[in-house]
Amino acid sequence: MGKSQGGKLTKDSGKTPKHSGHHKDIPSLFSKKNREAAQAKMAPARAEEPDDAVSLAPDSSDVDSETDSTMDVQTYLKRLPSKSDIKEMLHTMTDEIRSELHGIKQELESVGARTDSLERNQTKLVSNHKLHRAIILKQSKEIEELHRHVEDLQNRSRRNNIRVRGVPETVQKDAILPTLLQIFNGILEREAHTVIPIDRAHRVYKPRNAPPDAPRDILCCINDFPTKEKILLKARKTKQLSFEDNAIILLQD
1 MGKSQGGKLT KDSGKTPKHS GHHKDIPSLF SKKNREAAQA KMAPARAEEP DDAVSLAPDS
61 SDVDSETDST MDVQTYLKRL PSKSDIKEML HTMTDEIRSE LHGIKQELES VGARTDSLER
121 NQTKLVSNHK LHRAIILKQS KEIEELHRHV EDLQNRSRRN NIRVRGVPET VQKDAILPTL
181 LQIFNGILER EAHTVIPIDR AHRVYKPRNA PPDAPRDILC CINDFPTKEK ILLKARKTKQ
241 LSFEDNAIIL LQD
């Protein structure tokens with residue numbers, strides 16, 4: 001056994017250089033094995049490529065749907081209006097717009113004419129208003145002056161008036177003037193038939209506060225103002241005036 005072991009050792013020792021000689025090929029083998037392993041790893045991927053290609057292939061249902069959609073698009077495109085149709089539509093719309101604009105233009109012209117007429121009439125009205133206003137103002141001033149003049153005339157005419165209160169109603173209309181002459185001459189202490197220039201004499205309405213059974217006043221106008229003033233002055237100085245036992249009063253109208 002020892003020999004065998006020794007032989008083996010010798011043999012092994014003899015083979016040792018061979019192994020040492022082959023050590024240089026180990027990297028190349030290793031790299032070759034690596035390449036083969038890499039190729040082996042890549043082989044399944046290459047083998048799976050036909051499956052991927054099959055999966056990427058279009059399905060028949062997808063093809064049908066695409067065909068239907070293509071037909072729908074073509075049908076839609078066929079239904080779209082053509083260029084001539086669009087031109088005809090534009091011409092129609094243009095004609096309608098022109099017609100409407102023409103009508104609007106006529107209405108505006110009519111409104112403008114009426115507006116011009118209204119403006120002219122307004123100008124006339126304004127001028128007439130100014131003229132009438134000036135006339136009215138002038139007439140108002142004239143009326144005011146006339147009113148003052150009439151009032152002055154009334155006051156002047158009433159200056160000569162004497163109101164006799166208390167003469168009984170038994171004295172009739174025809175007897176009023178002789179009765180006044182008698183009263184006035186008695187106040188002036190003259191004869192009863194002395195002439196006094198009396199213009200008019202008549203009864204007037206009773207005052208509102210007069211008693212119901214009181215006689216109406218007698219209003220007379222004496223043309224001679226000094227005579228009228230003398231009568232009133234004497235009447236004021238006389239304590240009591242009477243006619244046929246009836247108390248009378250003389251007042252300035």
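Residue numbers for the sequence shown follow UniProt numbering, so the first one is 1 and each next one is one higher. Every residue gets a Cβ at the ideal spot worked out from N, C-alpha and C, and that includes glycine.
Please classify residue i: does DSSP put it in a helix, a strand, or coil?
i	result
SER242	strand
ALA134	helix
ALA113	helix
VAL164	strand
HIS193	coil
ASP199	strand
LEU219	strand
Are there 16 or more other CB atoms within 10 angstroms of the CB of residue i, so buried, or fewer, so exposed?
i	result
ASP217	buried
ILE249	exposed
ASN160	buried
ILE26	Because ILE26 carries a pLDDT of 47, less than 50, the predicted location of this residue cannot be relied on, and the following value inherits that uncertainty. Exposed, by the Cβ-count rule.
VAL111	exposed
ILE86	exposed
VAL150	exposed
LEU180	buried
ILE231	buried
ILE136	exposed
Please confirm whether residue i and residue j have their CB atoms less than 8 Å apart.
i	j	result
ASP253	ARG158	yes
LEU251	ARG165	yes
ARG156	LEU219	no
Quick check: what's the CA-CA separation for residue i versus residue j?
i	j	result
ARG236	PRO197	21 Å
THR123	ALA113	15 Å
HIS102	ARG79	35 Å
PHE225	LEU131	47 Å
LYS173	LYS228	22 Å
Which same chain residues end up closer than 6 Å to residue i when comparing Cβ atoms and leaving out the 5 residues on each side of it in sequence?
i	result
PRO168	PRO215, ASN246
LEU233	none
ALA192	GLN182, ASN185
CYS221	ASN160, ASN161, ASP199, ARG200
ILE187	ILE231, LYS234, ALA235
What I want to know is whether the C-beta of residue i ends up closer than 7 Å to one or more non-hydrogen atoms of the ligand SAH.
i	result
SER157	Ligands displayed in this structure: none; no statement on the ligand SAH is therefore possible.
Cutting at 7 Å between CB atoms, please list the residues of its own chain near residue i, excluding the five before and the five after it.
i	result
ASN223	ASN160, PRO197, ASP199
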